[in-house]
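Top line first, the protein sequences correspond to chains A and B.
Taking the working numbering, the leading residue of the first sequence gets 1, the next gets one more, and so forth.
Taking the working numbering, the leading residue of the second sequence gets 1001, the next gets one more, and so forth.
No residue lacks a Cβ here, since even glycine has one placed at the ideal position from N, Cα and C.
No experiment lies behind these values; they were computed from the predicted model shown.
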Amino acid sequence: MGEEIKKIMHVVRTAPHGTIYPYEGLEMVLIMAAYEQEISMTFIGDGVYCLKKDQDTSKLAIKGFMKTLGVLEDYDVEKLFVDRISLEERGLTEEDLYVAVEVLESPAIGKLMAQQDVIIPH
Amino acid sequence: MLHCINLSPFCGESFTTCLRFAQDQDPILLIQDGVYAAQTGTKFASLVESALAKNPVFALESDLLARGITTTLEGVQVIDYDGFVGLAEKHQVNSWL
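In structure tokens, the structure reads:
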């Protein structure tokens, strides 16, 4: 393996459960975390709904991913960013989320994006 | 006519477009990501509230639960799969995919 550590940002912009994108995205994050890269996740638009508390998918008979997102820290994925405007448009605040995140203004997220080697959309 | 919405109001125009075409008293059913329109406090809340003045609005319980939506706008009727089938039996279905 190459010795260079890359900065990789996963940008989640889709709501949970309606499509497979955030599920697959999270799988990809966990796989990539095994390669000791510098990984972050950013939640924008409907992507912020992935972090909403109290999701109960039992009646849809799908596993959901609240448990997986909750243990990202153990995989050294500690940087979770959330766009403040996206929360506000949806009537949500940081307290409505079930994981610790850093809520940022859009220009600050834009700056972070500019610092990445790779950006992967989900 | 039963109008079915399965996409988030933030993601495309299907919800807002549907409201323009729905006739008085046409039921509107929110399923899958469409249930985000039933949530309180979003930028679409006032639009849903004005729709409620002329159309009954329903949201599917299992999709609300899966998304952690525990409070819905006043007037939105939460239904289960049996209720969904009942509506589909009674009305011609128009799906705004």
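Bridge-paired residues (DSSP) for residue i
i: residue 1058 of chain B; result: B:1029 and B:1077
i: residue 7 of chain A; result: A:38
i: residue 43 of chain A; result: A:12 and A:82
Distance CB(residue i)-CB(residue j) smaller than 8 Å
i: residue 97 of chain A; j: residue 53 of chain A; result: yes
i: residue 1186 of chain B; j: residue 1092 of chain B; result: A question about residue 1186 of chain B goes unanswered here, because the residues of chain B that appear run from 1001 up to 1097.
i: residue 1049 of chain B; j: residue 1073 of chain B; result: yes
Closer than 8 Å to chain B by CB, residue i
i: residue 57 of chain A; result: yes
i: residue 90 of chain A; result: yes
i: residue 100 of chain A; result: no
i: residue 108 of chain A; result: no
Per-residue DSSP class, three states only, for residue i
i: residue 129 of chain A; result: Residue 129 of chain A lies beyond the stretch modelled for chain A, which goes from 1 to 122, so this question has no answer here.
i: residue 1043 of chain B; result: coil
i: residue 105 of chain A; result: coil
i: residue 22 of chain A; result: helix
i: residue 119 of chain A; result: strand
i: residue 1095 of chain B; result: strand
i: residue 62 of chain A; result: coil
Cutoff 8 Å: residue i Cβ touching any chain A Cβ
i: residue 1039 of chain B; result: yes
i: residue 1004 of chain B; result: no
i: residue 1008 of chain B; result: yes
i: residue 1042 of chain B; result: yes
Of the residues that make up the segment 1019-1036 of chain B, which ones have a beta carbon closer than 9 Å to any beta carbon in chain A? 1032, 1033, 1034 and 1036
Selection of the segment 1062-1089 of chain B by Cβ proximity to chain A, strictly under 7 Å: 1062, 1065, 1066, 1067, 1068 and 1070
Closer than 9 Å, Cβ to Cβ, to anything on chain B: give me those residues from the segment 39-54 of chain A, in chain order. 45, 46, 49, 52, 53 and 54
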